[in-house]
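Asks: Numbering (the numbering used here), first residue to last: 47 to 259. We put the CB at the ideal spot given by N, CA and C, even for glycine. Here the structure is a predicted model, which is why all the values come from computation and not from measurement. Can you read through this structure? Questions will come right after.
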Amino acid sequence: GPSRILVGTESTYEVCVSNASSTSADQVVVSIGLPAWAEVAGSSATAGSASAGLVTGEVREYQWRIDRLNSRSREELSLRIIPREPRSIDLQVQLDYKKAAARTMIEVQEPRVEMALEGPSEVLWGQNYAYRLKVSNTGTGDATNLRLVLSPLGGDSTRNAEAMLPLLRAGEEKVMELSLTAVKDHQVAIEVSADADNGVHTELSRQISVLRA
Numbered sequence: 047g048p049s050r051i052l053v054g055t056e057s058t059y060e061v062c063v064s065n066a067s068s069t070s071a072d073q074v075v076v077s078i079g080l081p082a083w084a085e086v087a088g089s090s091a092t093a094g095s096a097s098a099g100l101v102t103g104e105v106r107e108y109q110w111r112i113d114r115l116n117s118r119s120r121e122e123l124s125l126r127i128i129p130r131e132p133r134s135i136d137l138q139v140q141l142d143y144k145k146a147a148a149r150t151m152i153e154v155q156e157p158r159v160e161m162a163l164e165g166p167s168e169v170l171w172g173q174n175y176a177y178r179l180k181v182s183n184t185g186t187g188d189a190t191n192l193r194l195v196l197s198p199l200g201g202d203s204t205r206n207a208e209a210m211l212p213l214l215r216a217g218e219e220k221v222m223e224l225s226l227t228a229v230k231d232h233q234v235a236i237e238v239s240a241d242a243d244n245g246v247h248t249e250l251s252r253q254i255s256v257l258r259a
């Protein structure tokens, strides 16, 4: 606006705010400080709303609020000011807005190993039987360095059988063929444990009846 005005004469001043970034700015507040003896005869804005605030000392605060200032945009506020005293006007303009917050969604994946054993639940002592061990990953993440330990029929831990699966992807299933011979009477258990990286652990235990004449 003009740098010189007369007492009692209305003059128009424009306050412009622009957003040069690629993201929008929310809750923009432009505060305009005017002397209390400078009358605001009217205002108009291309966006938002403007209103006179409280008088603090000799300064009256005039606020222009814009809910959202879009990227690469510019808005203007026109103020019609009438000075009532022959004194200099110190026009103070301050800007405030809600800072943009960055958000990133991070998917946390978890492997989940499950096992199932297919084969007869009754066997004859000393006979050889075929079983199928199904190992599946029903979780959302890959299981790495999966170690399987099978305890033989009879419970002799010194004869455990082991197998390694370097990678079992999420949703993947692998089948292992087993050949087992019962060398102990009555009830025995087929026990399998599975351990992978990051604390993944599961166990399977199935009771088998051993018949012997």
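1. Which of the three DSSP states is assigned to Asn244 in this structure?
2. Could you work out which residue in Ala209, Ser64 and Leu137 is closest to Ala82 when comparing CA atoms only?
3. Keeping to the same chain, check which residues put their C-beta closer than 6 Å to that of Pro48; ignore five residues upstream and five downstream.
4. Hey, how far is the Cα of His232 from the Cα of Ile254?
5. So if DSSP puts Pro129 in a beta bridge, which residue, or which two residues, is it bridged to?
6. Let me know the beta strand (DSSP E) ranges lying completely inside the stretch 207-254, each 3 residues or longer, listed in chain order.
7. Please check the pair Leu214 and Asn183, which I expect to be a contact at CB under 8 Å, by giving their CB distance rounded to whole angstroms.
8. What distance in whole Å lies between the Cβ atoms of Ile78 and Thr93, which are believed to be in contact at a cut-off of 8 Å?
9. Would the beta-carbon of Val256 fall within 9 Å of that of Leu163?
10. Rounded to the nearest angstrom, how far is the Cβ of Leu123 from that of Val76, given a contact under 8 Å?
11. State yes or no: is the C-beta of Arg120 within less than 9 Å of the C-beta of Ser89?
12. Take the Cβ of Asn65 as the centre, count every other Cβ of all protein chains shown within 10 Å, and call the residue buried at 16 or more, exposed below.
13. Going by CA-CA distance only, name the one from Trp110, Arg106, Ser117 and Arg133 that's closest to Ile51.
14. Mind checking whether Leu226 and Met210 have CB atoms under 9 Å apart?
15. Going by the CB atoms, is the gap between Arg258 and Trp171 shorter than 9 Å?
16. Identify which residue in Asn174, Trp110, Thr69 and Val181 has its Cα closest to the Cα of Arg158.
17. Going by the DSSP bridge assignment, what does Gly79 pair with across the sheet?
18. Taking the continuous beta strand (DSSP E) assigned at Ser97, which residues delimit it?
19. Going by other Cβ atoms of all chains shown within 10 Å of its Cβ, with 16 needed for buried, is Ile152 buried or exposed?
20. Cβ atoms of Ala228 and Val169: under 9 Å apart, would you say?
21. Taking the Cβ atom as the reference point for each residue, do Ala87 and Ile128 lie within a distance shorter than 9 Å?
Replies: To lay it out plainly:
1. helix
2. Leu137
3. Ser57
4. 8 Å
5. Ala84
6. 207-214, 219-227 and 232-242
7. 5 Å
8. For clarity, residue 93 is Ala in the given sequence; the question names Thr instead. Between Ile78 and Ala93 the Cβ distance is about 16 Å, and since that is not below 8 Å, they are no contact.
9. no
10. 7 Å
11. no
12. buried
13. Arg133
14. no
15. yes
16. Val181
17. Glu107 and Gln138
18. Ser95 to Thr102
19. exposed
20. yes
21. yes
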